[in-house]
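Student: One structure, as structure tokens, below. Some questions next.
Chains as they are written, first to last, in this note's numbering: chain U, 419 to 753; chain B, 294 to 489; chain W, 45 to 585; chain D, -3 to 413.
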């Protein structure tokens, strides 16, 4: 019979760590010596996806740069819950300036490092979807266009959570927010044209663009590592569920992120110099209802009668992603 | 203090003229101040630039309202803008033209001034001849040096060379010298005319 | 650095903020009983030894396994592995091939000549074991490891009991059996062959034993009345199988009819085939669904050309033929005669209708209770007579080798306690690790690796072992398919997914600890634990 | 070395001599010539160890400067008018974070109506942003103030805004003495940050501060500015010793001895005022001038002392607090011990309106005569505004004011009066 190569079926490649893996193959988060760049004691809500994503990303970046890292942070949940006087949770040199200028601040830091000959020190900028796709977009676009040596990370939870869940240009259609209430003839957020931030980043032709979710840690870490292997402007868009804003159970944060990927709602891929070079295939394809139903912000779609038409349109968007990025294998899903 | 006002159109190097004039004076150890009638005028629009010369520090920041000298780079402005406004009775006037004051329709004004202080010079022609472009400013400075005697041709040449370099500089210097000689010659003839 | 006041802060200072106070429920690590362990009649810690096998430490795996079962090589061949039918992985793709890994470990042990550690201390007590079958050998092994002096009295000429006389070579090669018996004897267990115990009390007195464990098995074939002609050749399955161990093989003829529906019937039919019978027909009065024989054995038999006549009973046996009557199942699933008869050609009829126990050695033992031809025992395997314990086929239980081995272990522990004047209290069982508690996303799909099977021709003509073993690659692959249901396998998920870094990793083999100073009780660790080894419990307020 | 150069070039020279490490540029008149000059120096290699970054907005310019400064680099940018307002949020942030960025503001009016000419509305709109604000009277002073600004800002860990009148100074050719690199290096030590983003010693900069400490943070910002009031005069002295001329300082009095009337002003208009005052002095008028160089922090005590013996004060200012009157004059009043009515605000030169000796002489005379209004708009075309007001009274939809006035005047662009 054909000999099957030994794989780690028990711990799979999906878990954070794996006692059967060699040290060098282990994830940063599995490491006992991990940096905890975002330390305990922060004031994020229970089950905060952003807190999770930020530690994953910055820990990976710190490892990739041998801890020669400086971070700039936009105003928002991440900034507020991590640095309320007199305590900070950050273990990296970190600066918060304003809501809309993070990319520029990072550019300034990178310029300072260049002029001081510290090419070993790398710079990350991070912000939420509001600080990235809305108020910070101008500065970000400028940073991309100049190809400044900065990795910009957007933690996308699809609304202005810090101010109480108001709509951002990253808020999905039909989602309820404080400024798109679930009332009237078309409850929830409008079906706009959307603002495909990763695609906009790619349109700048920058060296590296990637999307990731907090559900696939190894993938996220690999992308941060990859990003750090480039010089110039890089962008990673991380999908981070928000229990408070989305109205799902705190323990479901990772599950929701997984569902977003498995339904095609959030395509996970990598692009270099404006071209998609790899996609994370859907493993077990699911209809969008599976993703929408656990979230109160979509509860109005499942009333009596359910808004089948709206759900169909959301499914269409997911299917478009699946087509556009080839998220399914020939046989439909990947093991 | 001696104040010069230069009238011209955007693109004719009016502001540069004032600046070069200030540089020339500076090189002669005097204090000088040059500034434009600030604006967002584009090519062809009327432009005014000012220059003050003095032996002590110049503190005054107002525009030149009562000029001791006028340099008019473009005669078509004569009837469009109040170019002679505030000109002192014994002021100097230098107009870039190959025509006469009468022909320009400002004979009366000219006659009201001291003959040896008003003059015309075909600066644009000199510019075309020596620089190859219709920029009369340098040539006019040469003419101004001749008519006013307030600045030496050498200083003007030096200022031109500070602003420009290479062929452009030398071309402009040549144009300035030519205009200088032209004006000197005109003035001589005018004196003879008076003498006769 | 003279830092500006308030706007500039020192790194990591938020540790001063104990967010654990927000918590209303707290996560706690638990261990749960994996279904395989729960289902193993021998009480093996299957998940435990698979854990070692995964990392390639086969000796550690074998040593853990043999803490409960001294005969993995045998078990890996003859056990009907109820563990696999309970395996949660079956709900995902297919059950983990526990049995084949066990066999691999057993064979590795034989190959490397691994031996059991001798007991630390001698108890000075003597224990008599009657019968060298699986149950007796198991009891002897455990008692010996507990430091007691054990001797086995076996009626037959060789050790093994049903493992030798009831199971054909092609399922259990004898050298494997002998190797594992030898290893047990290696612990200093005395074995007296051809010494049938006639009277247990005398024997005990004679050998001044402090206790006895009886495991004589069930060797008396059940007979059913079948009108048979003088020339008719009617044999019983047990003697047929037993004679296979002897010099001359039984003469069954070209067409053999086997009567019965148990595993023994299958064994005989397959044996007949190998002895050269053109036809081996099993006559069974009910349907395949109702057949007690294990499905995979029926399957193998059919592959080898064994025929089975369902819903039939033998009315009469002639010299070259038999008459069978068709049956139908009534509403309660019991077969009822139809009167419809049919004749089958048959050179011999082999009856495989089960066995009875020879309890003569117990005659006159006071306090002993017998019922339905077997000995009644208490929860500690002790008979009504103090000091005399019993197990295996002679007590009421399913009659399988694995159950017998389990009896041996159980009895040994109770005997040990009894000898010290105590009662053995088994440790409390963890609550079961059900499939619902798993987060199966984290296990990548990996169907069972099928053990190589001997090709048909050789199976039908020889007694070579039908099912071959796994090579190391497959064995490890198989071991790694284990989901580790209900018990932490250090996948680091909880450590990685905690948004508050409130999980402390204690290092290889040491698992994890919660730092309740910072745990906000979000429960992500519980939701994302693959094996359900964390539970949320409400905080007391 | 003496040079006859444009004011913008003089500033570019000064900045280059200060060894800036990061310069952010975004075009807006009339500051463009400064960053153009610097950009050329960096590109040509004349200015080394400096990153010149063309950003996409003034907001980004200040933000890049914030990042650079926080990472320990000496950062500079320049702007004007709308640009300063567009970066306003970041301007406050830079001072809040205590980052010693130096910025030139080429003072210009603020629209609407859009107007590119000089006045002080832009700088005044940011007077409470926490930056030190210095105003240059001449191009020489503009040059010198930039050199002082870096040292002052870096000593106090505060950003400094050097204001110079757009066009009037930035575009004026005049004599300046450009110091040598040695002189500047001797005067200006390398930037040693109070706080810095450094992987070797990680800190979090820009924490969220609540009511429990915000007052204190603000007080400390105030205290730092007060400290500047102590440092500046001393440094002006040091500067004189090092460079041989008077530049900077908090304020300068001119012929104020025995002056009954003191004219207060900031920026380049002081020259015209001094000439006017000289004429009046010749006529025996007891009038003097007080020029204020340091507007923020406000040199309360120094101004009070300078105005001690004045009977009346005329503040000529190029900014208007709509609905109040003067801005500088409001500050002056806080320093004037006499009756507040004796402090007159003369709003002049808005949107580039020329301020002439003649006009100034008139208001000073009026002041002497005691007939000067509390708030006067210099050279205001009364008839014109009356007509406009009348028009607005007559018809509801009277149209856009600016365009109506231009139509009324029959011109398309302002010209010198």
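Where is the CB? At the ideal position from N, CA and C, for every residue including glycine.
Keep in mind that this is a model prediction, so the values were computed, not measured.
Quick check on the burial criterion: 16 or more other C-beta atoms within 10 angstroms. Buried or exposed for residue 585/W?
Tutor: What you label residue 585/W is simply residue 541 of the third chain in a count that begins at 1. With fewer than 16 other Cβ atoms within 10 Å, it is exposed.
Student: Taking Cβ-Cβ distances shorter than 9 Å, what residues in chain B pair up with residue 352/D?
Tutor: Translated into positions along the fourth chain, residue 352/D becomes position 356. Here the neighbours are 355, 356, 358.
Student: Taking Cβ positions only, does residue 223/D come closer than 9 Å to chain W?
Tutor: Taking the fourth chain and counting its residues from 1, the one referred to as residue 223/D is at position 227. So, not an interface residue.
Student: So what does DSSP say about residue 715/U, is it helix, strand or coil?
Tutor: Residue mapping note: residue 715/U aligns to position 297 of the first chain, counting from 1. Residue 715/U: helix per DSSP, three-state reduction.
Student: For residue 275/B, which of helix, strand or coil comes out of DSSP?
Tutor: No answer is possible for residue 275/B: it lies beyond the span of chain B, which begins at 294 and ends at 489.
Student: Please list the residues of the region 635 to 647 of chain U that have a C-beta atom closer than 8 Å to any C-beta atom in chain W, keeping them in chain order.
Tutor: Result list: 635.
Student: In chain order, what residues of the region 263 to 285 of chain D put their CB closer than 7 Å to some CB of chain B?
Tutor: Those would be 264, 265, 267, 268, 270, 271, in chain order.
Student: Please go through the region 285 to 371 of chain D and give each complete beta strand (DSSP E) segment of 3 or more residues, from N-terminal end onward.
Tutor: DSSP runs (the beta strand (DSSP E)) wholly in the region 285 to 371 of chain D: 290 to 292, 308 to 313, 339 to 343.
Student: Looking at chain U, is there any beta carbon in it that lies within less than 9 Å of the beta carbon of residue 570/W?
Tutor: By 1-based counting over the third chain, the position of residue 570/W is 526. For residue 570/W, the answer is yes, since a Cβ of chain U falls inside 9 Å of its Cβ.
Student: Could you tell me which whole beta strand (DSSP E) segments of length 3 or greater appear in the region 589 to 633 of chain U?
Tutor: As far as the region 589 to 633 of chain U is concerned, its whole beta strand (DSSP E) runs of at least 3 residues are 626 to 631.
Student: How about residue 544/W: is its C-beta nearer than 9 Å to some C-beta of chain U?
Tutor: Start at 1 with the first residue of the third chain, and residue 544/W comes out as number 500. Answer yes: the Cβ-Cβ gap between residue 544/W and chain U drops below 9 Å somewhere.
Student: Determine which residues share a DSSP beta bridge with residue 756/U and list them.
Tutor: Examination of residue 756/U is not possible in this model, given that chain U is present from 419 through 753 alone.
Student: Buried or exposed: where does residue 720/U fall if 16 or more other Cβ atoms within 10 Å of its Cβ makes it buried?
Tutor: Sequence index remark: in the first chain, residue 720/U carries index 302 (1-based). Exposed is the call here.
Student: Could you give the DSSP three-state label for residue 388/D: helix, strand or coil?
Tutor: Within the fourth chain, the letter at position 392 stands for residue 388/D. Residue 388/D falls in the helix class under three-state DSSP.
Student: With respect to the beta strand (DSSP E) encompassing residue 512/U, which residues constitute its N-terminal and C-terminal limits?
Tutor: Position 94 of the first chain, counting from 1, holds the residue named residue 512/U. From DSSP, the beta strand (DSSP E) with residue 512/U extends over 512 to 514.
Student: Of the residues that make up the region 150 to 169 of chain D, which ones have a beta carbon closer than 7 Å to any beta carbon in chain B?
Tutor: Here the close residues are 163, 164, 167, 168, 169.
Student: Under a CB-based cut-off of 9 Å, is residue 466/U close to chain W?
Tutor: Indexing the first chain from 1 puts residue 466/U at position 48. Output row for residue 466/U: interface = yes.
Student: If we define contact as Cβ-Cβ less than 9 Å, is residue 503/U a contact residue for chain D?
Tutor: Working through the first chain from its first residue, we reach residue 503/U at position 85. Chain D, which has a Cβ nearer than 9 Å to the Cβ of residue 503/U, makes this yes.
Student: Take residue 216/W and list the residues in its own chain whose beta-carbon comes closer than 7 Å to its own, dropping the five residues that flank it on each side.
Tutor: For the purposes of this step, residue 216/W is taken as the residue at position 172 of the third chain. Correct list, in chain order: 118, 121, 122, 207.
Student: So if I threshold CB-CB distances at 9 Å, which residues from the region 669 to 690 of chain U count as touching chain W?
Tutor: Hits within the stretch, in order: 669, 670, 671, 672, 673, 676.
Student: Distance, Cα to Cα, residue 373/D vs residue 613/U?
Tutor: Locating residue 373/D in the fourth chain gives position 377, where the first residue counts as 1. Locating residue 613/U in the first chain gives position 195, where the first residue counts as 1. Roughly 51 Å between the two C-alpha positions.
Student: Counting only beta-carbon separations shorter than 9 Å, does residue 320/B have a partner in chain D?
Tutor: As a working note, residue 320/B is residue 27 in the second chain. For residue 320/B, the answer is yes, since a Cβ of chain D falls inside 9 Å of its Cβ.
Student: Checking contacts by CB at 9 Å: is residue 49/W closer than that to chain E?
Tutor: Absence of chain E from the displayed structure is noted, the protein chains being U, B, W and D.
Student: Select from 443/W, 462/W, 444/W, 231/W the residue whose C-alpha is nearest the C-alpha of residue 433/W.
Tutor: Locating residue 433/W in the third chain gives position 389, where the first residue counts as 1. Ranking the options by Cα distance to residue 433/W, first place goes to 462/W.
Student: State whether the region 55 to 67 of chain W contacts the region 214 to 221 of chain D, with contact taken as three or more CB pairs (one from each stretch) at a distance under 8 Å.
Tutor: No, because fewer than three Cβ pairs between the region 55 to 67 of chain W and the region 214 to 221 of chain D fall closer than 8 Å, the two stretches do not touch.
Student: Report the neighbours of residue 0/D on chain B: residues whose CB is nearer than 7 Å to its CB, in chain order.
Tutor: Here residue 0/D corresponds to residue number 4 of the fourth chain, with the count starting at 1. The contacting residues are 315, 316, 319, 325.
Student: Leaving aside the five residues before and after residue 116/D along the sequence, list all residues of the same chain whose C-beta is less than 6 Å from its C-beta, in chain order.
Tutor: Against the fourth chain, residue 116/D aligns to sequence position 120. Counting only Cβ-Cβ distances below 6 Å, and skipping sequence neighbours, we find 103, 314, 315.
Student: Under 9 Å, Cβ to Cβ, is there at least one residue of chain D near residue 615/U?
Tutor: As a position in the first chain, residue 615/U is number 197, starting the count at 1. It does not: the Cβ of residue 615/U has no partner Cβ on chain D nearer than 9 Å.
Student: Where do the N-terminal and C-terminal ends of the beta strand (DSSP E) with residue 237/D fall, by residue?
Tutor: The sequence position of residue 237/D within the fourth chain is 241, counting from 1. Counting along the chain, residue 237/D falls outside any beta strand (DSSP E), though it belongs to the alpha helix (DSSP H) covering 210 to 239.
Student: At which residue ranges does the region 102 to 150 of chain D contain complete beta strand (DSSP E) runs of 3 or more residues, listed in the order of the chain?
Tutor: Entirely contained in the region 102 to 150 of chain D, the beta strand (DSSP E) runs reaching 3 residues are, in chain order, 128 to 131.
Student: From what residue to what residue does the beta strand (DSSP E) around residue 127/W run?
Tutor: Position 83 of the third chain, counting from 1, holds the residue named residue 127/W. Per DSSP, residue 127/W belongs to no beta strand (DSSP E); it is in the alpha helix (DSSP H), 126 to 130.
Student: Between the beta-carbon of residue 23/D and the beta-carbon of residue 70/D, is there less than 9 Å?
Tutor: By one-based count along the fourth chain, residue 23/D stands at place 27. By one-based count along the fourth chain, residue 70/D stands at place 74. The answer is no: Cβ separation not under 9 Å.
Student: So is residue 401/U in contact with chain W if we call contact Cβ pairs under 9 Å?
Tutor: Coverage of chain U is limited to positions 419 through 753, which leaves residue 401/U absent and any answer about it impossible.
Student: Mind checking whether residue 575/U and residue 518/U have CB atoms under 9 Å apart?
Tutor: Counting from 1 along the first chain, the entry for residue 575/U is found at position 157. Counting from 1 along the first chain, the entry for residue 518/U is found at position 100. Going by C-beta atoms, residue 575/U is not nearer than 9 Å to residue 518/U.
Student: With C-beta atoms as the reference, is residue 423/D less than 9 Å away from residue 366/D?
Tutor: Nothing can be reported for residue 423/D, as the shown portion of chain D is limited to -3 through 413.
Student: Please report whether the beta-carbon of residue 213/D lies at a distance below 9 Å from any beta-carbon of chain W.
Tutor: By 1-based counting over the fourth chain, the position of residue 213/D is 217. Yes, its Cβ sits closer than 9 Å to a Cβ of chain W.
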